[in-house]
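Residue numbers (the working numbering): 193 to 534. Just so you know, even glycine gets a beta-carbon here, dropped at the ideal spot from N, CA and C.
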């Protein structure tokens, strides 16, 4: 029998969740750099003159490997009872979400990484928070969080500042990679909206596994159609099987494990704060692993981004405090009523 001292306290569990949330955020922030680093390794170790560690091979094989932790976490959701509850509309939204989030969005991000730097992809992604808030307010009729919107716009200004000061802005051009990064961000926003509109009642396990399986099939079909039957001929080359596990173990297995436990044990505010620092972490990791130089705009731009994070967090804390005060006022009013009925 476990003693009282063996039982984790709520405070200890909260710190455990916060730590795992930060670990997951740092891992996901490093994912673009890890992918680019692995393709460079493949370029240095060609198979019959070809780079076997292509973005397509990494995405396809990585998606298959990602099913391992998903099945481990969510197999209990796949019951006949849960499947019977799903309507035709649920399946339609599931299919749309799968195509957007597991095929189109990662495909565009991988394409962007092939033609531009990790830093540019990360900075362009700063259009996501303010655009998503506006889209949620317009399509989902959600209340617009002006503090979060202001914070997102300030952070976007910081990203623009970093780009503008990088060699006087001469090194940044709106090429194929940058356009793909914009389209990937828009696709990600659309997939998130689809999920929030139509998949609220779908069990997480069915949603996650179905989305990954169908998205992988769709991506494989598209790649075969666009690039020909020989596109995945090096998928199981020794150099791919050797290095795919770096991506799979670090980003997919450890990343998903830490993220799921972090979401379970950390508060929403702690998770939001951790994810806010993801762009800066991604840029720093790209500098460390790839030697990318964000230029002289890094420090002033980073300070502006941090200011945006601060504004958003201030607004979140104000909202939480207002909700707590409203709840306390409600309890006080209830306590002032002597007769509460039968």
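- The residues 218 and 221, in chain order, have a CB closer than 6 angstroms to that of residue 473 in the same chain once the five nearest residues on each side in sequence are set aside.
- Two segments are said to touch when three or more pairs of C-beta atoms, one from each, lie closer than 8 angstroms; by this definition the stretch 242–259 touches the stretch 405–417.
- Judged by beta-carbon spacing, residue 320 lies within the 8 angstroms limit of residue 380, meaning their Cβ atoms are closer than that value.
- Residue 322 sits buried, since 16 or more C-beta atoms from the chains shown fall within 10 Å of its C-beta.
- Residue state for residue 512 is assigned as helix, using DSSP reduced to three classes.
- Beyond the five residues adjoining it in sequence on each side, residue 452 comes within less than 7 angstroms, by CB distance, of 265 in the same chain, given in chain order.
- Partner residues in the beta bridge of residue 242, as assigned by DSSP, are 239.
- Within the model, the alpha-carbon separation for residue 310 versus residue 447 is close to 19 angstroms.
- Separation of the CB atoms of residue 287 and residue 370 is rounded to 30 angstroms, and the pair is thereby denied contact status at 8 angstroms.
- For residue 404 and residue 358, the gap between their C-alpha atoms comes out near 37 angstroms.
- From the listed residues 394, 508 and 490, the smallest Cα separation to residue 269 is found for 394.
- Secondary structure in the stretch 443–471: the alpha helix (DSSP H) runs of 4 residues or longer, each lying completely within the stretch, are 447–457 and 460–468 in chain order.
- Here residue 428 is exposed, its C-beta having fewer than 16 other C-beta atoms within 10 Å.
- Look at the beta carbons and you see the stretch 284–298 not touching the stretch 311–318: under three pairs across the two are nearer than 8 angstroms.
- Distance from the CA atom of residue 326 to the CA atom of residue 436, rounded to whole angstroms, is 38 angstroms.
- For residue 388, the uninterrupted alpha helix (DSSP H) segment begins and ends at 368–390.
- Under the criterion of beta carbons closer than 8 angstroms, residue 343 and residue 504 qualify as touching, at roughly 3 angstroms.
- With a contact defined as Cβ atoms closer than 8 angstroms, residue 457 and residue 206 qualify at about 7 angstroms.
- The C-alpha of residue 467 lies about 24 angstroms from the C-alpha of residue 516.
- The beta carbon of residue 332 sits closer than 8 angstroms to the beta carbons of 385, 388 and 389 from its chain, once the five residues preceding and following it are set aside; these are given in chain order.
- Counting the other CB atoms within 10 Å of its CB gives residue 262 a total of 16 or more, which places it among the buried residues.
- By the criterion of at least three beta-carbon pairs nearer than 8 angstroms, the stretch 348–358 is in contact with the stretch 496–513.
- Restricting attention to 513, 507 and 512, the CA atom closest to the CA of residue 340 is found in 507.
- Remark: C-beta atoms of residue 204 and residue 454 do not approach each other more closely than 8 angstroms.
- Distance from the Cα of residue 347 is smallest, within the candidate group 245, 225, 417 and 317, for 317.
- Annotation: residue 478 to residue 488 spans about 16 angstroms, alpha carbon to alpha carbon.
- The alpha helix (DSSP H) runs lying completely inside the stretch 292–329 and spanning 4 residues or more are 297–307 and 310–316, given in chain order.
- For residue 277, the enclosing alpha helix (DSSP H) stretches over residues 272–277.
- By the neighbour-count definition (other C-beta atoms within 10 Å, threshold 16), residue 225 is a buried residue.
- Looking from the CA of residue 304, the closest CA among 375, 329, 240 and 271 belongs to 375.
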